[in-house]
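Residue 46 is where the sequence shown starts when you use my numbering, and the numbers rise one by one after that.
For glycine and all other residues, C-beta sits at the position ideal for the given N, C-alpha and C.
Encoded as structure tokens, the structure appears first; notes follow it.
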Amino acid sequence: MENNRFVSTDEIRTRFSTAMSDMYGLEVPLYRDLLELVADVNAQTLGADPQLQTQLNESGEIQRLNLERHGAIRLGTAAELAGIRRVFSVMGLYPVGYYDLSVAGVPVHATAFRPLSDASLAANPFRVFTSLLRLELIDDEALRAKAAEILQKRSIFGPRVLQLTEQFETEGGLNTTDADEFVREATDIFRWHSEATVSIETYNQLLAAHRLIADVVCFKGPHINHLTPRTLEIDAAQKEMVRRNIPAKESIEGPPGRRHPILLRQTSFKALQENVTFGSGAQKAVGAHTARFGEIEQRGLALTPKGRELYDQLLLRARQSGQQGGDTYEQRLESAFSEFPDDLPTIRKNGLGYFRYSLTQKGLTAAQALAGTTGDINALIDGGLVHAEPIIYEDFLPVSAAGIFQSNLGGDDQKSYKASAARAAFEEALGAAVNDEFALYEQAQQRSLDAIARHLQK
Ligand code: OOG
Ligand code: NI
């Protein structure tokens, strides 16, 4: 009874992701065009593929499809990251995975805040790629100190969002009115501010060190830099972007197109130039800043460590074979990935991906007869008693993330940092360990197997 006073964290997340989408749509109208495009492509894809429609209906995926989005934010200090962790936990978002972007010449490291349980992912899988700036990677000592000082002075959280977060933590939830207020206040953290907090000189200095440093340091808060809807057919979405005159990037990131999609594939439209006012009084100046963009993604099967290793290997091969031959990147990618099996039984039997198992109608009827047998899963599948459904990848591509960063910062300068993962420092700033994504998929798979075993034991 007690808990009925509270709305669920899933519900708060849905209200939040809707509010964010509405806000971003007002800030970046091209994002609304993208949503429309994705809805059109999805409707067309489903219309043309009744089998896919049935599969999405059966797995419940269909319910979340139009709600599904991810966003990305970039934070400046450890305190901001720790605060964001508390705010996000009110909406059932928890840190998963560690992403070291220094390998790609981007001075940040990151985690993905996302729901963990099957039920919460099904209710609304909204996720936020959250980066933390690594000032220690700025070589110029004076500039580093200046950036730190600017960041120390800002407070990205309003008092009310912190109060409501604390109330959630002490009381165990928020009622519907408080949840609405929380959502309004939390959305406000990620709003765009067209007035920079620094002079144009400081902005340019930071921009020269790295475009991303300027993006994080010079503004009042961590503006949401993109929101990404999920499409069922990214090749069609990419073509459609071009047809509708949306300034799409040249190629799709991630694995090539396949019959059975793996991990995720992403494309985007290029970052917008937006007017910004710098400084005040006599120093006031008008300039521009490039940060915000639009992105579309298609999600596929979650890979096991073995599958991920094969993926990394093939991707590297496609990239490195660039020098020789006249093939396009797409062709090289296709040819490298011909080594990655593209039928579900082979993927499954080779342990390359995660699956969710369930008894079929036939299996449910036969369960009594099978009672007490140990149930070799492959035999049960071959006998048509058990169905294996790919588990969808809920995370981000490290390499793709870097590509997206690079292509959307607006410049083509390639910085390089000595690759230096600093996971321990990141977790200390976060105030918690990040969850292991492989363990989460493994557990989801195991839970489905346990449920079958329990059924057979009855
Ligand atoms: C985040 C880039 C990562 C993705 O989809 O891989 C990302 C950023 O630019 O801040 O969103
Ligand atoms: Ni993204």
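Determine the closest residue to residue i out of the options, with distance taken between C-alpha atoms.
i	options	result
L196	P204, D184 and L178	L178
I279	L112, V73, L79 and I234	L79
L110	A498, A414, V331 and A88	A88
E125	L101, S165, L430 and A193	A193
E186	L251, E216, I234 and L209	L251
P74	R189, A478 and L272	L272
D504	E340, L430, E375 and L277	Only positions 46 to 503 of the chain appear in the structure, and residue 504 is not among them; the question remains open.
A347	Q358, L355, L308 and K315	L308
W237	E214, L404, P267 and A316	P267
F323	Y356, F264 and T90	F264
G2	Q490, T221 and Y486	Residue 2 cannot be examined here, being either before or after the span of the chain that is shown, 46 to 503.
D421	K351, I183 and K394	K394
E342	Q318, Q328, E384 and I297	I297
S244	R189, V331 and E181	V331
Q100	L355, A412, R77 and P435	P435
R199	A241, A164 and F171	A241
F61	H500, L257, E230 and S380	E230
A123	R114, E181 and H115	E181
N249	T335, E226, F213 and P390	T335
F338	R77, A64 and R50	R77
V83	A411, E295 and I291	I291
For residue i, is the classification buried or exposed, using 16 other Cβ atoms within 10 angstroms of its Cβ as the cut-off for buried?
i	result
E211	exposed
D145	buried
A447	Below a pLDDT of 50, predicted positions are generally treated as unreliable, and A447, at 42, falls in that range; no measurement from the model is reported.
A293	buried
D387	exposed
D223	buried
R364	exposed
N320	exposed
A204	The residue you asked about is not Ala; residue 204 is Pro in the sequence shown. Exposed, since its Cβ has fewer than 16 Cβ neighbours within 10 Å.
D260	buried
V262	buried
N169	buried
D440	buried
E482	buried
D55	buried
G326	exposed
P350	exposed
T175	buried
G218	buried
T232	buried
R344	buried
Q502	exposed
Q311	buried
T156	buried
G92	exposed
V287	exposed
Can you tell me whether residue i is helix, strand or coil according to DSSP?
i	result
D145	strand
I426	helix
S452	Residue placement at S452 is flagged as unreliable, the pLDDT there being 49, under the threshold of 50; a coordinate-derived value is accordingly withheld.
E439	coil
I118	strand
P152	coil
R199	coil
G477	According to the sequence shown, residue 477 is Ala rather than Gly. A477: coil per DSSP, three-state reduction.
R159	strand
A241	coil
V431	strand
S445	Interpretation of S445 is limited by its pLDDT of 42, a score under 50 that renders its predicted location unreliable; the figure taken from the coordinates is listed afterwards. Helix.
I341	strand
L138	coil
A164	helix
R50	helix
S493	helix
R172	strand
A192	helix
G332	strand
F213	helix
F235	coil
Taking only beta-carbon atoms, is residue i less than 7 Å away from chain D?
i	result
A474	No chain D is present in this structure, which holds just one protein chain.
To test your reading of the DSSP string, which unbroken beta strand (DSSP E) runs of 3 or more residues are found completely within the region 349 to 423? 400 to 404
Write down every uninterrupted run of the alpha helix (DSSP H) in the region 249 to 318 whose length is 4 residues or greater and which is fully enclosed by it, in chain order. 256 to 262 and 279 to 288
Beta strand (DSSP E) runs contained entirely in the region 63 to 122, provided each spans 3 or more residues: 114 to 120
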